[in-house]
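Chemist: Going letter by letter, the sequence shown gives residues 1 to 161 in UniProt numbering. Would you mind keeping the following structure in view while I ask a few things?
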Amino acid sequence: MSKFSKLIQKQKEHQVAKKHRFNLEAKINANREGVLCACGSKKSYKLCCELIHKNIELAKTPLDLMKSRYTAYVLGAIDYLMLSQHSSTRPFSEKEEILNWTKSVQWLELVIVEAKETHIDEGFVTFKALFIEDGVKNTIFEKSRFIKENNHWTYVDGIHS
Ligand SMILES: [Zn+2]
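Dropping the structure here:
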């Protein structure tokens with residue numbers, strides 16, 4: 001082996017080692033912080049919606065609550081979906097049905113179109129939620145209304161279009 005090809009060989013080994021080390025670090029980080037949150041924040045679930053799922057008062061805006069509800073649909077966190085909905089519209093009798101439905105679909109993405117607070121206790125979020133149901137791509141397009149109840153934001157209802 002010539003000196004030159006030895007050098008190339010060494011460089012290749014170095015690159016492989018570097019790549020390996022990089023993959024290992026990425027793996028360690030993923031283990032430490034968990035998978036990326038479904039809401040699209042690019043943060044890990046542990047540092048994002050999980051905090052809100054454990055303490056709903058951490059949802060400081062209707063948008064925070066909307067995102068945490070989307071993630072709850074993805075994870076099938078039915079109790080959180082009930083808790084985060086206003087008592088006047090909470091679909092408690094459909095709990096099982098909602099859980100079975102959300103587990104049967106494949107959630108793809110949440111796209112926020114617009115979010116605004118119109119009052120200290122009221123806000124609206126317009127969003128698209130993309131999912132696959134029975135092999136067919138589908139979209140929920142909704143303008144949701146949120147109001148505060150028991151000192152935290154709750155989802156009330158929505159206008160579909
Ligand atoms: Zn999140």
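Ideal Cβ placement from N, Cα and C applies to all residues, glycine included.
Please confirm if the stretch 146–157 is in contact with the stretch 45–59, defined as three or more CB-CB distances below 8 Å between the two stretches.
Modeler: Cβ pair count under 8 Å is three or more, so yes.
Chemist: For Val-35, count neighbouring C-beta atoms within 10 Å of its own C-beta (all shown protein chains included) and say buried if the count is 16 or more, exposed if not.
Modeler: On the sequence shown, residue 35 is found 35 positions in, with the first residue counted as 1. Classification for Val-35: exposed.
Chemist: Just grab the DSSP bridge partners of Val-125 for me.
Modeler: Taking the first residue of the sequence shown as position 1, residue 125 is located at position 125. Beta-bridge pairing links Val-125 to Ala-115, Ser-144.
Chemist: So what's Val-74 in DSSP terms, helix, strand or just coil?
Modeler: Here residue 74 is taken as the residue at index 74 of the sequence shown, counted from 1. Of the three classes helix, strand and coil, the one that applies to Val-74 here is helix, per DSSP.
Chemist: Whole angstroms are fine: how far does the CA of Gln-9 sit from the CA of Ile-52?
Modeler: To locate residue 52, count along the sequence shown from 1; it is residue 52. To locate residue 9, count along the sequence shown from 1; it is residue 9. Rounded to whole angstroms, Ile-52 to Gln-9 spans 51 Å at the Cα level.
Chemist: Do Thr-61 and ligand 1 come close, with the Cβ less than 8 Å from some heavy atom?
Modeler: On the sequence shown, position 61 is the one that residue 61 refers to. False, no ligand heavy atom lies under 8 Å from that Cβ.
Chemist: Just verifying my parser: in three-state terms, what is the DSSP assignment at Thr-102?
Modeler: For the purposes of this step, residue 102 is taken as residue 102 along the sequence shown, with counting starting at 1. Helix.
Chemist: Mind listing, in chain order, the residues whose beta carbon lies closer than 7 Å to a non-hydrogen atom of ligand 1?
Modeler: This criterion selects Cys-37, Ala-38, Cys-39, Ser-41, Lys-43, Tyr-45, Cys-48, Cys-49, Lys-67, Ser-68, Thr-71.
Chemist: Figure out for me which residue from Cys-49, Lys-42, Phe-146, Glu-96 has the closest Cα to the Cα of Ile-120.
Modeler: Looking up residue 120 in the sequence shown gives position 120. Cα-wise, what sits closest to Ile-120 is Phe-146.
Chemist: Residues in its own chain within less than 6 Å of Glu-117 by CB, not counting five upstream and five downstream?
Modeler: The residue labelled residue 117 in the question sits at position 117 within the sequence shown. Answer for Glu-117: Gly-123, listed in chain order.
Chemist: Is the beta carbon of Ala-129 sitting closer than 9 Å to the one on Glu-142?
Modeler: Here residue 129 refers to the residue found at position 129 when the sequence shown is read from its first residue. Here residue 142 refers to the residue found at position 142 when the sequence shown is read from its first residue. Yes.
Chemist: Go ahead and pull the three-state DSSP assignment for Asp-134.
Modeler: Counted from its first residue, the sequence shown places residue 134 at position 134. Reduced to three states, the DSSP call for Asp-134 is coil.
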